[in-house]
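A.B. asks: Numbering (the working numbering), first residue to last: 352 to 652.
We put the beta carbon where it would ideally sit given N, CA and C, even for glycine.
Sharing a structure here in structure tokens format.
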């Protein structure tokens, strides 16, 4: 029997929130706050529309410098296919709570958050397991989450993500952040536009600047440290027994070599797909075939 998610799920740990930034939130998507142990984590929820049977529930974890808004394009599509979809901004991202200290952003902490959020969603909706998706850095968090406890999940999807890092990865960005005296990464990367008024930036650039302003420097450094971790989790993920999908855009050369992603999929016995006309962010660069792929994979598990 399918579960009715057509009304916003409400529990003592989920409450109404506000859309963050200038990007328009898609129709049928609501902004929420999830009260986790670390504090309020902001979330979005794509509600299956009336007349559509709910197939299942999925949770999305954003990547480095990202936030829940990265999934707007997919959340405009997946509910109409029958998927009750959720995403949250991780601790320190965008408008979520940002504890102090780089140590607050270890893999243990970020995985614990994901596991707790999944449990809160499962309790609120009564769903029979959650399909977990992580994008890029979020894929590392997702892997650590299912290794910690795979029981709440039906499957794992790794979008533009890989098996491990390497020494010195993003060390230049890490040092710039340490030396920045609080200047956010967008301004460090765009010094010529740092002081432009909002109306001189287009909507996307305005959003990226606002998100960067609100993102914790400690979070970025902690994420870089996770991205540089050389520990390969492939066989630990395989031991969970979860079905796995690994995919990326055809032009993705951003975070992990494509060959690493293909090899990881082979070792996992995972499904491996490449999205055309996309690079590191097929969720936004080519959302229609990305949504179709997710629908096909999740429907089989």
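Would you identify the three-state DSSP class for residue 396, choosing helix, strand or coil?
C.D. replies: Residue numbering aside, residue 396 sits at position 45 when the chain shown is read from its first letter. In this structure, residue 396 counts as strand in the three-state DSSP scheme.
A.B. asks: Residues in the same chain with beta-carbon distance under 6 Å from residue 414, minus the five sequence neighbours each way, listed in chain order, please.
C.D. replies: The residue you call residue 414 lines up with position 63 of the chain shown. Counting only Cβ-Cβ distances below 6 Å, and skipping sequence neighbours, we find 486, 487, 488, 489.
A.B. asks: Determine contact between the segment 464-472 and the segment 380-397, defined as no fewer than three beta-carbon pairs at a distance below 8 Å.
C.D. replies: The segment 464-472, when compared against the segment 380-397, does touch it at the 8 Å Cβ threshold.
A.B. asks: Should the segment 615-625 be regarded as contacting the segment 404-413, the criterion being three or more beta carbon pairs within less than 8 Å?
C.D. replies: Contact fails: fewer than three Cβ-Cβ distances are below 8 Å.
A.B. asks: Determine whether the beta carbon atoms of residue 516 and residue 580 lie at a separation below 7 Å.
C.D. replies: For the purposes of this step, residue 516 is identified with residue 165 of the chain shown, where counting begins at 1. For the purposes of this step, residue 580 is identified with residue 229 of the chain shown, where counting begins at 1. Contact flag set, yes.
A.B. asks: Go to residue 652, then tell me how far its alpha helix (DSSP H) extends in each direction, as first and last residue.
C.D. replies: As a working note, residue 652 is residue 301 in the chain shown. Element bounds for residue 652: n/a, residue is neither H nor E.
A.B. asks: Would you kindly work out how many angstroms separate the C-alpha atoms of residue 399 and residue 429, rounded to a whole number?
C.D. replies: For this step, residue 399 is matched to residue 48 along the chain shown. For this step, residue 429 is matched to residue 78 along the chain shown. Those two C-alpha atoms are separated by around 8 Å.
A.B. asks: Could you tell me which whole alpha helix (DSSP H) segments of length 4 or greater appear in the segment 521-587?
C.D. replies: You should have 522-529, 536-540, 554-565, 568-578.
A.B. asks: Identify the residues that DSSP records as bridge partners of residue 483: which are they?
C.D. replies: Residue numbering aside, residue 483 sits at position 132 when the chain shown is read from its first letter. Answer by DSSP bridge pairing, in chain order: 410, 507.
A.B. asks: Assuming residue 531 and residue 449 form a contact by the criterion Cβ under 8 Å, report the distance between their Cβ atoms to the nearest whole angstrom.
C.D. replies: The residue labelled residue 531 in the question sits at position 180 within the chain shown. The residue labelled residue 449 in the question sits at position 98 within the chain shown. Not quite, the Cβ-Cβ distance comes to about 16 Å (not below 8 Å), so this is no contact.
A.B. asks: Out of 379, 595, 607, 392, which has the shortest C-alpha to C-alpha gap to residue 508?
C.D. replies: The residue labelled residue 508 in the question sits at position 157 within the chain shown. Of the candidates 379, 595, 607, 392, the one whose C-alpha sits nearest the C-alpha of residue 508 is 595.
A.B. asks: Residue 647: which of 600, 378, 482, 574 sits nearest, CA to CA?
C.D. replies: Taking the chain shown and counting its residues from 1, one reaches residue 647 at position 296. When each option's Cα is compared against that of residue 647, the closest is 482.
A.B. asks: Identify whether residue 602 lies in helix, strand or coil by the three-state DSSP scheme.
C.D. replies: Position 251 of the chain shown, counted from the first residue, corresponds to residue 602. It is coil, neither helix nor strand.
A.B. asks: Could you tell me the boundaries of the beta strand (DSSP E) in which residue 625 lies?
C.D. replies: Here residue 625 refers to the residue found at position 274 of the chain shown. 622-626 is the extent of the beta strand (DSSP E) around residue 625.
A.B. asks: Are residue 438 and residue 362 close, meaning C-beta to C-beta below 7 Å?
C.D. replies: Against the chain shown, residue 438 aligns to sequence position 87. Against the chain shown, residue 362 aligns to sequence position 11. No, the Cβ-Cβ distance between residue 438 and residue 362 is not below 7 Å.
A.B. asks: Looking only at its own chain, which residues have a Cβ that is under 6 Å from the Cβ of residue 627, when we skip the five neighbours before and after it?
C.D. replies: On the chain shown, residue 627 is found 276 positions in, with the first residue counted as 1. 601.
A.B. asks: Could you check what DSSP says for residue 390 in three-state terms: helix, strand or coil?
C.D. replies: Taking the first residue of the chain shown as 1, we reach residue 390 at position 39. Three-state DSSP puts residue 390 in a strand.
A.B. asks: Here's the rule: buried if 16 or more other CB atoms are within 10 angstroms of the residue's CB, otherwise exposed. What is residue 419?
C.D. replies: Here residue 419 corresponds to residue number 68 of the chain shown, with the count starting at 1. Its Cβ being crowded by 16 or more others within 10 Å, residue 419 is buried.
A.B. asks: Mapping DSSP to helix, strand and coil, what is residue 447?
C.D. replies: Within the chain shown, residue 447 is the residue found at index 96, counting from 1. Coil.
A.B. asks: Identify the continuous beta strand (DSSP E) that holds residue 365 and give its terminal residues.
C.D. replies: The residue given as residue 365 occupies position 14 in the chain shown. Taken as a continuous stretch (DSSP letters only), the beta strand (DSSP E) holding residue 365 covers 365-367.
A.B. asks: Using a 10 Å radius around the Cβ and a threshold of 16 neighbouring Cβ atoms, would you call residue 604 buried or exposed?
C.D. replies: On the chain shown, position 253 is the one that residue 604 refers to. Exposed, by the Cβ-count rule.
A.B. asks: Between the segment 630-639 and the segment 491-504, are three or more C-beta pairs nearer than 8 Å?
C.D. replies: Because the criterion of three Cβ pairs below 8 Å is not met, the segment 630-639 and the segment 491-504 do not touch.
A.B. asks: Taking only three categories from DSSP, how would you classify residue 436?
C.D. replies: As a position in the chain shown, residue 436 is number 85, starting the count at 1. Correct three-state label for residue 436: strand.
A.B. asks: Taking C-beta to C-beta, are residue 565 and residue 537 nearer than 7 Å?
C.D. replies: Within the chain shown, the letter at position 214 stands for residue 565. Within the chain shown, the letter at position 186 stands for residue 537. Their beta carbons are not under 7 Å apart, which means residue 565 does not touch residue 537 by this criterion.
A.B. asks: Could you work out which residue in 590, 625, 416 is closest to residue 442 when comparing CA atoms only?
C.D. replies: For the purposes of this step, residue 442 is taken as the residue at position 91 of the chain shown. When each option's Cα is compared against that of residue 442, the closest is 416.
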